[in-house]
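Trainee:
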Amino acid sequence: AEIALTRAALKWNHGPFEIPADIYAEWDAREAGRAVEAEWDQRFAAYSAAFPSEANELVRRLSGELPADFSEKASAYIAEVAAKGETIASRKASQNTLNAFGPLLPEFLGGSADLAGSNLTLWKGCKGVSAEDASGNYMYYGVREFGMTAIMNGVTLHGGLLPYGATFLMFMEYARNAVRMSALMKKRVIHVY
């Protein structure tokens, strides 16, 4: 009965899930989207002609491809680590790996939830991102595990960057919903615990 009264009050004479043609036409953004995409394609073609190397790098990053030599260099690093057989803390092993892979991955965007000094996620090539200088590759998230993880999800959904973030495993509980979304979306987000 309430549904019928609401429909009558709104003068809504359309069936369930029916979108009236005039409303549909008003909200149909396909033509506007095509125009914006065509403009982008022209601008990117001009950019590609002027800066072919940079354009190729952008396409590589946005497509999620790793650098051509990454697999070979990563395998060599893993073999070297295995041959050493060191017994070190996992957080130190993570930092060593970040130091090895960081120079190979210009798309790396790291961060930590206020624990960078403890979980050792700063690597030798890190530069902090700030309001004054956004050119860095490391985010200081503060005590914001959920925010950090949600931001990493957004970054990877956009493409072009490979985010990693760290906190202590017990604090992952604060980020659980965002970690779950990373997994459900099968997105390439690196969680360091």
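Oh and the sequence shown: position 145 is 145 in full-length UniProt numbering, straight run, nothing missing.
All C-beta atoms, glycine included, are put in the ideal place defined by N, C-alpha and C.
1) For residue 162, which residues of its own chain have a beta-carbon under 8 Å away from its beta-carbon, when the five flanking residues on both sides are left out?
2) So who's on the other strand from residue 140, going by DSSP bridges?
3) Between which two residues does the alpha helix (DSSP H) containing residue 78 stretch?
4) Indicate whether the contact test is met: 3 or more Cβ pairs, each with one atom in the segment 142-151 and one in the segment 120-131, closer than 8 Å.
5) Start and end of the alpha helix (DSSP H) containing residue 190?
6) Taking Cβ to Cβ, would you say residue 167 is nearer than 8 Å to residue 120?
7) Would you mind stating whether residue 172 and residue 140 have Cβ atoms separated by less than 8 Å?
8) Quick check on this structure: which residue in 62, 30, 70 has the alpha carbon closest to the alpha carbon of residue 103?
9) By alpha-carbon positions, which one of 101, 9, 46 ends up nearest to residue 76?
10) Give me the residue from 160, 152, 158, 26 with the minimum Cα distance to residue 182.
11) When we look at the beta-carbon of residue 24 and count the other beta-carbons within 10 Å, is it buried (16 or more) or exposed?
Mentor: Judging by the given coordinates:
1) Translated into the one-based positions of the sequence shown, residue 162 becomes position 162. Only 105, 107, 108, 109, 156, 188, 190 meet the Cβ criterion.
2) As a first step, residue 140 is located in the sequence shown; it is residue number 140 there, counting from the start. The partner list for residue 140 (beta bridge, DSSP) reads 112.
3) On the sequence shown, residue 78 is found 78 positions in, with the first residue counted as 1. Counting along the chain, the alpha helix (DSSP H) containing residue 78 begins and ends at 70-84.
4) No: fewer than three Cβ pairs fall under 8 Å.
5) As a first step, residue 190 must be located in the sequence shown, where it is residue number 190. For residue 190, there is no enclosing alpha helix (DSSP H); the enclosing beta strand (DSSP E) has its first and last residue at 190-192.
6) Against the sequence shown, residue 167 aligns to sequence position 167. Against the sequence shown, residue 120 aligns to sequence position 120. Result no, Cβ atoms of residue 167 and residue 120 do not sit closer than 8 Å.
7) By one-based count along the sequence shown, residue 172 stands at place 172. By one-based count along the sequence shown, residue 140 stands at place 140. Residue 172 places its beta carbon 8 Å or farther from that of residue 140.
8) Here residue 103 is taken as the residue at index 103 of the sequence shown, counted from 1. With distances taken between Cα atoms, residue 103 lies closest to 70.
9) Counted from its first residue, the sequence shown places residue 76 at position 76. Looking at the Cα atoms, 101 is the closest of the given residues.
10) As a position in the sequence shown, residue 182 is number 182, starting the count at 1. Answer by Cα proximity: 152.
11) If you number the sequence shown from 1, residue 24 lands on position 24. Here residue 24 is exposed. Its C-beta has fewer than 16 other C-beta atoms within 10 Å.
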